[in-house]
Every structure is written in structure tokens, then in C-alpha cells.
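Visitor:
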Amino acid sequence: MQAMQYEITLPADYDMGIIHRRVAEKGRLTDEFPGLAMKAYLVRERGVAGSPVNQYAPFYLWNTATGMNAFLWGPGFRGLSQDFGRPVVRSWLGLAHQRGQRFDATPTTAVRRLLPVPGDADPAELIERMLSTLPADGDHPAVHSIAVAIDTSGWELVTMTLGTDDLPDQLPGERYRVLHLSAPELTNLEQGQQW
């Protein structure tokens, strides 16, 4: 399992309706994409939910490297790069996926938390501690699902929590709006699956 995200930060006066229309028109193109567990079409809008920026920042969970490569070297990413410039693509090794109480609902909100792994910390202990809280975190009535992954080049953990509008405001991290969720192979992931 591989997690992936790119962030396209747009001008402060950018018409975010353009992104909303783009997702409405093209989001369905990944609804059956082979190898894709899920793609959450995420946006942040300046002045909304405390965001200082306008940003389009989709988040992916890939079941296969073949699927990820087909996307990155295919027409979808090529078109995005032509329209906005080629973004830096961040990737993390998948550690776990936990379904929440609202897994059958369509998520509308996402919170991404980045957590550096200190140089003097044992990554295995930190990961074990984080994964031990997943079942309890997934029990919140607003949670759709939680993904946890790690970047071993920069030693950083990422947690992406998808949920409904009543996802707690105090949940730490960057808050996004989910415009569309493609989840062709998300149900293939077992409850509480760890990799």
C-alpha cells in the first residue's frame, strides 16, 4: 500500500469554482481506476475553516504500484500538469487503514496530520503507539476512515482522517473539504488492515 498526495497552491483571488467544476466533470474518471484503493479530491479555500490558502490537494491510497504508475505516467496526471504545472508528488509507505463508524457515508471533510519522527525516537515504537489508537479513533461517530503512512526519507508520519461535517474541529492538522471520493478498491482493505 502506498499513500500519495500533491498540493497545488493557487493565488489568493483564484476562483475555486474552477476546481469544483473540474472535479465534478473529471472525478468519475478514477471511480474504477485499477489498483486505486481511494482518491479523495481535497480542497482548502482561503478563509474557510482557518485555511490561509486556496489549494487543490488530492490524497490517494494505492493497492498496487502498477496502478500508481499508470496514473502518474498517464493522461490524467499529464493533463493536470499541463493545466497547473507539474506538482511535487509526496508519497508514504502505507502502515494501516481503519474503517470508521461512517464508512458507508460519503465523507465531506478530511484532516491531514503530519508528525515528524524525532531522530532520537524509535520509529517502530512510535508507529506501534500510533496504530494502537486507531480502533478508538475510528469509533468516533463522524469518522469514515483513517489511513496512516510513513515517509522514511524524511521520517514523517501522515494520518489522513476522512469524515462527515461533524468531524471534531479540535482534531489537529490541516482541514480539507472532500469534493469527491473515488473508492474502487477501498472495500478490498480489511477492517484495521496493517501492512
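Just add 2 to wherever you are in the sequence shown, counting from 1, and you've got this note's numbering. We put the CB at the ideal spot given by N, CA and C, even for glycine. None of these values were measured; they are calculated from a predicted model.
(1) Please report the residue range of the alpha helix (DSSP H) in which PHE35 lies.
(2) Taking the alpha-carbon positions, what's the ILE21 to SER83 distance?
(3) Between the C-alpha atoms of GLY156 and ASP33, what's the straight-line distance to the nearest angstrom?
(4) In terms of residue numbering, what span does the beta strand (DSSP E) encompassing ARG104 cover?
(5) CA-CA distance, PRO186 and ARG30?
(6) Would the beta-carbon of VAL55 fall within 8 Å of that of TYR43?
(7) Against chain B, does LEU95 count as a neighbour if the rule is that its beta carbon must be under 8 Å from one of theirs?
(8) To test your reading of the DSSP string, which unbroken beta strand (DSSP E) runs of 3 or more residues are found completely within the stretch 77-157?
(9) According to DSSP, is GLY69 part of a helix, a strand, or is it coil?
(10) Considering only C-alpha positions, which residue in the set TYR58, GLY96, MET6 is nearest to ASN71?
Guide: Let me lay it out:
(1) DSSP places PHE35 outside any alpha helix (DSSP H), giving it a letter other than H or E.
(2) A direct Cα-to-Cα measurement between ILE21 and SER83 gives close to 14 Å.
(3) GLY156 and ASP33: Cα-Cα distance of roughly 31 Å.
(4) Taken as a continuous stretch (DSSP letters only), ARG104 belongs to no beta strand (DSSP E), as it is neither H nor E.
(5) Counting only the Cα atoms, ARG30 lies some 11 Å from PRO186.
(6) For VAL55 and TYR43, no; Cβs fall outside 8 Å.
(7) Here chain B cannot be found, since the structure has a single protein chain.
(8) Within the stretch 77-157, the beta strand (DSSP E) runs of at least 3 residues that lie entirely inside it are, in chain order, 91-101, 111-118, 145-153.
(9) Taken through DSSP and simplified to helix, strand or coil, GLY69 comes out as helix.
(10) Closest option to ASN71, Cα to Cα, is MET6.
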